[in-house]
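In UniProt numbering, the protein residues as written are 1 to 314. Here's the structure we're looking at; comments come further down.
Written as structure tokens, this is what we have:
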């Protein structure tokens, strides 16, 4: 499942299309009627955690303040489109057969939008290998299990009046009245609240569960979880209540720094070079352990850790 940095990049790909009218639509989605988007104007584009939100209005409607002056669109204007589109991330979630995450299943800690039902905001939540492409289609880079070289099937295609187009892959979409935004928990937001995060890490649950709780670490996913636990030298099953304040502070520092660095690498078209994720050895040459951990009523996420660098705390 794409994590915060990836979805932030998706938003930057959509921003140049804000203000344009949809001229033609396509896609395989059965969750929405894609034809409803025809002749609508893309009014705004926002990202919150792992969710992308696009606002649509009637073509004759003015753009209004929602489409003007947002922080992310100022970012988009400042970045070259070629840098944003440069290459697909080289490290992604494990293949579906690895059993880390069922396709398009929401995280147990991620509640649905407060305003379900009709609205002018279309919410996108991406599954494994979900992505957004601007002015290009995704092509198969290897054969599937049956040996076929089939290109991914888009869930939604938006062709715009000026000739460009956006393509959305492996995502769940629904209409809502407004974005569900909690910037104090968004790991990439300037409003991210360290104190709130530190308090959440005090919970008596294994620390690897808490880090994936989108109520406190919105946008933080399994790759980031594995990497920052290694960087902070904390065993994934250590209970938060056993961690000293200095350990929790170091973990939050690692989360903010790693996530920000990953985003900047993406915007430069560079891949991620993980320390521990999907590795057999840690950077110091120690053998790496692998297990699937998660709450009894939730998903089990694949976890990699070094028993020597990340000793278990009992």
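Glycine included, each C-beta is placed from N, C-alpha and C at the ideal position.
| Asked | Found |
| --- | --- |
| Reference residue 11; option with closest CA among 27, 222, 54 | 54 |
| Beta-carbon gap between residue 230 and residue 276 smaller than 8 Å | yes |
| Given residue 278 as reference, the closest of 263, 184, 303 once Cα atoms are compared | 303 |
| Closest by C-alpha distance to residue 131, when choosing among 281, 204, 51, 144 | 51 |
| Same chain, Cβ closer than 8 Å to residue 188, five either side skipped, listed in chain order | 4, 5, 8, 219, 259, 260, 263 |
| Contact the segment 170–186 vs the segment 139–147: 3+ CB pairs below 8 Å | no |
| First and last residue of the uninterrupted beta strand (DSSP E) at residue 42 | 40–48 |
| Nearest candidate by alpha-carbon position, reference residue 49, set 25, 215, 242, 197 | 215 |
| Reference residue 32; option with closest CA among 163, 122, 16, 1 | 122 |
| Check whether residue 127 and residue 176 have beta carbons under 8 Å apart | no |
| DSSP three-state assignment for residue 314, whether helix, strand or coil | coil |
| Where residue 239 falls: helix, strand or coil (DSSP) | strand |
| Nonlocal neighbours in the same chain, by C-beta distance under 7 Å from residue 106, ignoring five residues either side | Confidence at residue 106 is low in this model, with a pLDDT of 44, below 50, so the placement of that residue is unreliable and no value is reported for it. |
| Span separating the alpha-carbon of residue 85 from that of residue 193 | With a pLDDT of 43 at residue 85, under the threshold of 50, the modelled position of this residue cannot be trusted; read the value that follows with caution. Cα to Cα, residue 85 sits roughly 30 Å from residue 193. |
| Segment limits, alpha helix (DSSP H) that includes residue 170 | Run containing residue 170: none in the alpha helix (DSSP H); it sits in the beta strand (DSSP E), 165–176. |
| Own chain residues within Cβ distance below 7 Å of residue 37, not counting five before or after | 22, 25, 56, 158 |
| Reduced DSSP category for residue 17 - H, G, I as helix; E, B as strand; rest coil | helix |
| Euclidean distance between Cα positions of residue 167 and residue 246 | 44 Å |
| Beta-carbon contacts of residue 312 that lie in its chain and below 6 Å, excluding the five residues immediately before and after | 235 |
| Rounded separation between residue 148 and residue 283 - CA only | 37 Å |
| Same chain, Cβ closer than 7 Å to residue 35, five either side skipped, listed in chain order | 25 |
| Option in 145, 239, 40 with minimal Cα separation from residue 295 | 239 |
| Buried/exposed call for residue 221, threshold 16 Cβ in 10 Å | buried |
| Nearest-angstrom beta carbon gap, residue 202 and residue 241 [assumed within contact, 8 Å] | 6 Å |
| Cβ-based neighbour list, residue 232, same chain, cut-off 6 Å, excluding 5 preceding and 5 following | 250, 251, 254 |
| DSSP bridge partner residues for residue 186 (one or two, in chain order) | 218 |
| Beta-ladder partner(s) of residue 157, from DSSP | 26, 167 |
| Residue 42 burial status per 10 Å Cβ neighbour count (16 or more: buried) | buried |
| Rounded C-alpha distance that separates residue 299 from residue 293 | 8 Å |
| Proximity winner among 225, 40, 27, relative to residue 274 (alpha-carbon distances) | 225 |
| Sub-8 Å separation of residue 217 and residue 244 beta-carbons | no |
| Same chain only: Cβ atoms within 7 Å of residue 309, ignoring 5 sequence neighbours per side | 230, 233, 282, 284, 286 |
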